[in-house]
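> In numbering that gives the first Met the number 0, the protein residues as written are 0 to 188.
Think of the CB as a built atom: it goes at the ideal place given N, C-alpha and C, for glycine as much as any other residue.
Values in this document were obtained by computation on a predicted structure and should not be read as measured data.
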Amino acid sequence: MKSLFKLAALGCLIMLPLLAGAQQKDNSQKPKYANLTFVPTADEVIDKMFEMGKITKNDVMFDLGCGDNRICFKAAKKFGCKGVGLDINPVRIREAMDWAEKMNVGLLVETRHGDALNVKDISDATVVVMYMFPEFMNLWEPVAKAKLKPGTRILSHDYSFSNWEPDQTVIVRSSTREHKVHMWTVKKK
Ligand SMILES: C[S@@+](CC[C@H](N)C(=O)[O-])C[C@H]1O[C@@H](n2cnc3c(N)ncnc32)[C@H](O)[C@@H]1O
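(1) Name the DSSP beta bridge partners of Lys-179, please?
(2) Hey, would you say the C-beta of Asn-88 is under 6 Å away from at least one heavy atom of ligand 1?
(3) Suppose the cutoff is 7 Å on Cβ atoms and the five residues either side in sequence are ignored; what does the same chain contact list for Lys-73 look like?
(4) Starting from the C-beta of Val-59, find all residues in its chain whose C-beta is less than 8 Å away, skip the five residues before and the five after it, and write them out in chain order.
(5) Give the straight-line distance between the Cα atoms of Leu-147 and Asn-117, rounded to the nearest whole angstrom.
(6) Out of curiosity, what's the CA-to-CA distance linking Trp-163 and Asp-62?
(7) Do Leu-85 and ligand 1 come close, with the Cβ less than 6 Å from some heavy atom?
(8) Just checking my contact of Ile-153 with Met-182 at CB under 8 Å: how many whole Å lie between their CB atoms?
(9) Does the distance between the C-beta of Ala-33 and the nearest non-hydrogen atom of ligand 1 fall short of 6 Å?
(10) Starting from Met-60, trace the beta strand (DSSP E) in both directions and tell me its first and last residue.
(11) Is DSSP giving Val-108 helix, strand or coil here?
(12) If you drop the 5 nearest sequence neighbours on each side, which residues of the same chain put their C-beta closer than 6 Å to that of Asn-88?
(13) With DSSP as the reference, label Met-48 as helix, strand or coil.
(14) Evaluate Ala-33 with the Cβ neighbour count: other Cβ atoms within 10 Å of its Cβ, from every protein chain shown; 16 or more gives buried, anything less gives exposed.
(15) Under the rule that 16 or more other beta-carbon atoms within 10 Å means buried, what is His-156, buried or exposed?
(16) Taking Cβ to Cβ, would you say Ala-47 is nearer than 7 Å to Val-180?
(17) Have a look at Cys-71 and Tyr-158 and give me their C-alpha separation to the nearest angstrom.
(18) When you compare only the Cα positions, how much space is there between Glu-100 and Gly-52?
(19) Just the Cα atoms here: how many angstroms apart are Val-168 and Val-185?
(20) What first and last residue would you give for the alpha helix (DSSP H) that runs through Met-102?
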């Protein structure tokens, strides 16, 4: 009986560090920011973003926190440009599938389930759109400065960066309220 206890205790000693390691691994994969509030950007604001960003068919648009990815689908339909939308909430990805069917833009638009702060090919973007709270903007600012190529336009609905003044801010009125659209163009380093 005693040796059975000894064996169980030894098993626990071996398993504990393994379990602790697994726990640590999970924490390291946890996104730094995940606020699942979904408020779709109004059509009037989307049109103003397209106008300010001077979108053409040569653009590659990324929507960070894309919701149902309607902005990329609309841009692809209107201009024929490529789009990649990322959202952390799988419910939004399913909704994006409905938009894909409705907009019928073939392979121009991709919708990914993932963390918008950790996008492996973000430097392919020529335009980045977003409607994210200030906490995200603060985390995204150094990534944008490090990874976006010169000439890339960033268009943000309502929220700005803390340490990077926009080149342009325009007020847009929708049926419900006034909105801001901020635009930055990434400069050469
Ligand atoms: C206010 S909605 C904006 C939706 C869309 N971009 C628009 O303007 O219509 C913000 C979205 O960001 C998503 N989100 C929050 N944190 C995220 C993260 N770390 N990575 C990817 N998506 C995230 C939420 O699930 C939500 O759908």
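Taking the coordinates as given:
(1) Ile-170
(2) yes
(3) Ile-45
(4) Cys-80, Lys-81, Gly-82, Val-83, Asp-123, Ala-124, Thr-125, Val-126
(5) 13 Å
(6) 20 Å
(7) yes
(8) 7 Å
(9) yes
(10) 59-63
(11) strand
(12) Leu-35
(13) helix
(14) exposed
(15) buried
(16) Strictly speaking, residue 47 in this sequence is Lys, with Ala absent from that position. The answer is yes: Cβ separation under 7 Å.
(17) 19 Å
(18) 26 Å
(19) Contrary to the premise, residue 168 reads as Thr rather than Val in this sequence. Taking the straight line from one Cα to the other gives about 15 Å.
(20) 89-102
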